[in-house]
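For reference, the structure is listed below as structure tokens.
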Amino acid sequence: MSDDRRRALGVVGVPTVRPADRNGFVTSREESAVPSPLRSGVRVALERPRALALVGFAVVVETALRVAAGFVHPLASLLLPPVVVVPLLGAGLPAVEAALADSDAGSPWNLGRRFRTVGTRLVAAATAGHAAAVVLGATLFLVVDTPIRYAAYALGAEPFHSAVVYVAPFVGVTVGTGLAWGLLVPAVVRLADGDAAVPAVRTAVGVALGAPRRTATVLALHAAGLLVVGVCVLTAVEYSGDFRAVRAFLAVGGVLGAAAATLSVTFLYPIHVAFAASDAAPRRREIPVRRLGLVVLLLSGLLCGAAAVRVTETRPTADARPLPDDPTAAYATAFENTDATSYEVTYVETERGRPFLVRTAVDRPDRQFYSESNFSGGYQYADAGVGYTSVLWADFLRLGTRDIDGRTAAVEPAFWSYDRAVRLDGVFGIPRPGTGEWRAVERGDGVLVLELTGGDEVYSALYGFELENATYETARIRMRVDTERGVVTGGDARLRATESEFGSDVRVRTRYSVRTGEDVDVRRPTALGSRTLGEWVWKLFAY
Numbered sequence: 023m024s025d026d027r028r029r030a031l032g033v034v035g036v037p038t039v040r041p042a043d044r045n046g047f048v049t050s051r052e053e054s055a056v057p058s059p060l061r062s063g064v065r066v067a068l069e070r071p072r073a074l075a076l077v078g079f080a081v082v083v084e085t086a087l088r089v090a091a092g093f094v095h096p097l098a099s100l101l102l103p104p105v106v107v108v109p110l111l112g113a114g115l116p117a118v119e120a121a122l123a124d125s126d127a128g129s130p131w132n133l134g135r136r137f138r139t140v141g142t143r144l145v146a147a148a149t150a151g152h153a154a155a156v157v158l159g160a161t162l163f164l165v166v167d168t169p170i171r172y173a174a175y176a177l178g179a180e181p182f183h184s185a186v187v188y189v190a191p192f193v194g195v196t197v198g199t200g201l202a203w204g205l206l207v208p209a210v211v212r213l214a215d216g217d218a219a220v221p222a223v224r225t226a227v228g229v230a231l232g233a234p235r236r237t238a239t240v241l242a243l244h245a246a247g248l249l250v251v252g253v254c255v256l257t258a259v260e261y262s263g264d265f266r267a268v269r270a271f272l273a274v275g276g277v278l279g280a281a282a283a284t285l286s287v288t289f290l291y292p293i294h295v296a297f298a299a300s301d302a303a304p305r306r307r308e309i310p311v312r313r314l315g316l317v318v319l320l321l322s323g324l325l326c327g328a329a330a331v332r333v334t335e336t337r338p339t340a341d342a343r344p345l346p347d348d349p350t351a352a353y354a355t356a357f358e359n360t361d362a363t364s365y366e367v368t369y370v371e372t373e374r375g376r377p378f379l380v381r382t383a384v385d386r387p388d389r390q391f392y393s394e395s396n397f398s399g400g401y402q403y404a405d406a407g408v409g410y411t412s413v414l415w416a417d418f419l420r421l422g423t424r425d426i427d428g429r430t431a432a433v434e435p436a437f438w439s440y441d442r443a444v445r446l447d448g449v450f451g452i453p454r455p456g457t458g459e460w461r462a463v464e465r466g467d468g469v470l471v472l473e474l475t476g477g478d479e480v481y482s483a484l485y486g487f488e489l490e491n492a493t494y495e496t497a498r499i500r501m502r503v504d505t506e507r508g509v510v511t512g513g514d515a516r517l518r519a520t521e522s523e524f525g526s527d528v529r530v531r532t533r534y535s536v537r538t539g540e541d542v543d544v545r546r547p548t549a550l551g552s553r554t555l556g557e558w559v560w561k562l563f564a565y
């Protein structure tokens, strides 16, 4: 921006440079009467319908492109550079500057000529800037999310719902990218106003580090705009049903998100231009090298630490709860302690002919799941980056699939889907607590044997619901509990019943064997080979 234009905008009003405040803003008497960039930007947003029309058109077209990219893959909508918004708003910069200067005549809205002049360099700036914004946004997400998740694990708030694990990285990096653009916009404004690339970048870095109050204000405005868009998108999720319904989510979320983004950018656009005009002093172009080095060192250290914690699956584990004296409460506590640690449950049904065996293992420190049965002859495996099975559990934000020996390996954080679908209290798990009164039948040598009787109580403990119109001949469950570690170690169940309405018989004779703790070690199947890049990405972001 030339000095003549800055004087026209009222931000360089006197030839003598006055002392500046700690944020670098000139505080002379002549300039103290100039409205703040925030007030000036809001005034233009409210009083200039052409600015609103320009922003609305740019945002709607940009949103349409991102929705179309999202149908290819949701990540494409995040990674697509803002190749519409940045060039169009850059082309309209002179008119907005004139509006900020209260010029009734203003600059002509000759967008075509302006776009031909600066369009190419602004498209390049949009591409390079978005790459930098995504990197900064991912860094911000990892640095912020890791201590939050770590604290949640320390408090025992797990397992997280699979929807949170799948969506949180996408939302977090998107928000971080939007915030990062608040730091990069000054460089784009300089480029649109004729500055060369290197001085424009130096100015943006110098402004971000040299004026913390201004930087905090801009980031707060971006955060407010992102909050408005986020509320609208969440509303879209609520009314589009399941979060996996990607097309419904993109369609409804695109409409509401475009409306909210238009409202947000309508105010942010002239405010950014006004702030850029207020950053006219030449010394603002100087980068505070020491402060930049400190910021880079701090962010690098935090990023490396967060990445190391997430990739190595480092997390605290809650201590096992002591067993209460009451038998019913003791079994419930032992069940919770078992579910909170690594476990391997071997389920053997021997009532009918050939024994039916299902072995399920969950390795919590390494976030691995394994299940096999002697009837299907196959197995299922999942970890923080892949799910290997003949049945796919989820497809949202999947980073590819591979066919191996007729089975599908999907690149996704499948552990959380399996861990919730195949539960410790599932059909092939151990009996669930809370269905009736247990009693202690044996104590000694660190072992507590608990028994549950009663037809409805036993059936509900085994299957999660009661059998209607049934008569029971035998109904008993006995489970062993390690009193020192407070976990279930095994047991058996017996059930004989007749369902009166249809005359069907229920015959159950089951043995349970349970291993817990460090003895459980799930191995990655050799058929999968080494981790792919997509698996490492999910292992980093799904923690």
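Residue numbers for the sequence shown follow my numbering, so the first one is 23 and each next one is one higher.
The beta carbon of each residue, even a glycine, is placed where N, CA and C say it ideally should be.
Keep in mind it's a predicted model, so treat the numbers as computed, not measured.
In the displayed model, Val156 falls within a helix according to three-state DSSP. About 6 Å separates the CB atoms of Leu206 and Ala226; that is less than 8 Å, so the two are in contact.
Under the three-state reduction of DSSP output, Tyr565 falls in the coil class, being neither helix nor strand. For Glu495, the uninterrupted beta strand (DSSP E) run begins and ends at 492-504, by DSSP.
Between Ala121 and Arg136, the C-beta gap is not smaller than 8 Å, which leaves the two residues out of contact. Comparing alpha-carbon positions, the option among Trp460, Gly508, Gly512, Gly466 lying closest to Ala497 turns out to be Trp460.
In the assembly as shown, Asp167 is a buried residue. Its beta-carbon has 16 or more other beta-carbons within 10 Å. Check the Cα spacing between Ala154 and each of Leu177, Asp478, Leu100, Asp385: the tightest is with Leu100. Burial of Ala147 is indicated by the presence of at least 16 other C-beta atoms within 10 angstroms of its C-beta. Ser286 is positioned such that its CB atom lies no closer than 8 Å to that of Thr538.
Its Cα nearest to that of Ala185, the residue Tyr440 stands out among Gln390, Pro234, Val223, Tyr440. Leu241 and Ala230 have their C-alpha atoms spaced approximately 10 Å apart.
For the 8 Å CB-CB criterion, Gly468 and Thr505 form a contact.
Just so you know, the alpha carbons of Ala492 and Asp527 end up roughly 9 Å apart.
Between Gly551 and Val536, the CB-CB gap reaches or exceeds 8 Å.
If you draw a straight line from the Cα of Trp203 to the Cα of Asp425, it is about 40 Å long. Using a Cβ distance threshold of 8 Å, Leu243 and Gly198 do not count as a contacting pair. Minimum Cα-Cα distance from Gly400 among the listed residues Arg138, Leu319, Arg381, Asp543 corresponds to Arg381. Residue pairing by DSSP places Phe391 opposite Val384, Ala404 in a beta bridge.
The C-alpha of Ile293 is placed about 19 Å away from the C-alpha of Gly232. When secondary structure is reduced to three states using DSSP, Phe487 falls in the coil class, being assigned neither helix nor strand. The shortest C-alpha to C-alpha distance from Thr532 to any of Gln402, Arg545, Arg376 is the one to Arg376. For Glu84, the uninterrupted alpha helix (DSSP H) segment begins and ends at 71-94. Proximity to Ala356 across Gly456, Val187, Glu373, Val317 peaks at Gly456, based on C-alpha coordinates.
In this model, Gly178 and Val251 are separated by some 32 Å (Cα to Cα). Partner residues in the beta bridge of Leu517, as assigned by DSSP, are Ala497, Val530. Under DSSP, Gly409 shares a beta bridge with Ala404, Ala432.
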